[in-house]
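Take a look at the structure set out below.
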Amino acid sequence: MKKTTVLIAPLLLAFFGCVPSEEPVSGRLEVRPAIVAHMDVAQKKLYIANVKESLKSLLRSAEDVARRKKPQSLTQLRVEGDKFVRAYVVPILGDKEAMAEIDTRLEVAKLYLLTSRFYLQTEASEQSRMYLSRLERGFGDNNIFMNTSIDRNDVGCGSLQEGVDDLRKELAGR
Numbered sequence: 003m004k005k006t007t008v009l010i011a012p013l014l015l016a017f018f019g020c021v022p023s024e025e026p027v028s029g030r031l032e033v034r035p036a037i038v039a040h041m042d043v044a045q046k047k048l049y050i051a052n053v054k055e056s057l058k059s060l061l062r063s064a065e066d067v068a069r070r071k072k073p074q075s076l077t078q079l080r081v082e083g084d085k086f087v088r089a090y091v092v093p094i095l096g097d098k099e100a101m102a103e104i105d106t107r108l109e110v111a112k113l114y115l116l117t118s119r120f121y122l123q124t125e126a127s128e129q130s131r132m133y134l135s136r137l138e139r140g141f142g143d144n145n146i147f148m149n150t151s152i153d154r155n156d157v158g159c160g161s162l163q164e165g166v167d168d169l170r171k172e173l174a175g176r
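For the sequence shown, our numbering assigns the number 3 to the initial residue and increments by one for each residue that follows.
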């Protein structure tokens with residue numbers, strides 16, 4: 003009876019997907035992108051504000067980990083941050099209504115800037131360049147917009163142009 007139980011138990015566990023794995027749980031969970039198309043402008047403003055605060059928290063964490071000089075932790079943070087960016091930031095960056103509305107357009111530009119800074123801080127220079135390039139492509143031709151004064155505490159610079167220039171300098175040094 004014991005032999006039968008010992009032989010059948012692993013088969014049942016394997017059948018029901020309960021086999022132990024070396025892969026962490028976070029690696030097995032599927033991250034589904036947020037759906038923002040159904041939201042109205044007020045909901046998108048709130049969504050962007052929440053995503054921006056979360057991204058700022060990730061950026062502060064990345065700065066802290068980088069100061070401690072722990073490359074493995076920085077890599078893990080980049081992986082988790084990348085999942086966050088794909089699930090929550092990218093959908094709003096690609097939303098045409100958010101780009102068309104004056105209320106959300108500046109906030110979307112700030113998301114581009116914060117995302118680029120996050121990737122730069124986590125030593126993913128290519129991804130940082132990509133988001134910086136998208137920011138410049140989408141907003142760079144409008145000097146008034148790029149030089150509009152913004153809260154320095156919000157994204158770490160006084161204007162979008164100042165943030166872009168700072169990122170370019172940092173990326174040139176890498």
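Here a beta-carbon is modelled for each residue, glycine too, at the ideal position from N, C-alpha and C.
Original post:
Thinking C-beta only, is residue 61 closer than 8 Å to residue 141?
Top reply: no
Subject >> Alpha-carbon to alpha-carbon, residue 130 and residue 148 >> reply: C-alpha separation (whole angstroms): 18 Å.
**OP:** Could you check the C-alpha separation between residue 173 and residue 46 for me, to the nearest Å?
**Re:** Answer to the nearest angstrom: the Cα atoms are 31 Å apart.
Original post:
For residue 117, which option in 105, 137, 78, 73 has the closest C-alpha, if you only look at C-alpha atoms?
Top reply: 137
Original post:
How long is the line joining the alpha carbons of residue 102 and residue 51, rounded to whole angstroms?
Top reply: When only Cα atoms are considered, residue 102 and residue 51 end up about 17 Å apart.
Original post:
What's the call for residue 104, buried or exposed, on a 16-neighbour Cβ count within 10 Å?
Top reply: exposed
Original post:
Given that a residue counts as buried once 16 or more other Cβ atoms are within 10 Å of its Cβ, and exposed if not, what is residue 97?
Top reply: buried
**OP:** Out of 36, 72, 66, state which residue places its alpha-carbon closest to the alpha-carbon of residue 49.
**Re:** 36
Original post:
Are residue 168 and residue 112 closer than 8 Å when you measure CB to CB?
Top reply: no
Subject >> Identity of the residue in 165, 94, 126 nearest residue 40 by Cα >> reply: If you compare the alpha carbons of 165, 94, 126 with that of residue 40, the shortest gap goes to 94.
Original post:
Would the beta-carbon of residue 150 fall within 8 Å of that of residue 115?
Top reply: no
**OP:** Less than 8 Å between the CB atoms is what I'm expecting for residue 126 and residue 80, so what's the real figure, rounded?
**Re:** The pair is a contact, with the Cβ atoms about 6 Å apart (cut-off 8 Å).
Subject >> For residue 73 and residue 67, the rounded distance between their alpha carbons >> reply: 8 Å
**OP:** Would you tell me roughly how many angstroms separate the C-alpha atoms of residue 90 and residue 84, rounded to the nearest one?
**Re:** 10 Å
**OP:** Alpha carbon to alpha carbon, how far is residue 158 from residue 110? Give it in angstroms, no decimals.
**Re:** Roughly 15 Å separates the two Cα atoms.
Original post:
With 16 as the cutoff for other CB atoms within 10 Å, does residue 71 come out buried or exposed?
Top reply: exposed
**OP:** Return the bridge partner residues of residue 118 from the DSSP annotation.
**Re:** In the DSSP assignment, residue 118 is bridged to no other residue.
**OP:** State the Cα-Cα distance for the pair residue 87 and residue 152, rounded to the nearest angstrom.
**Re:** 23 Å
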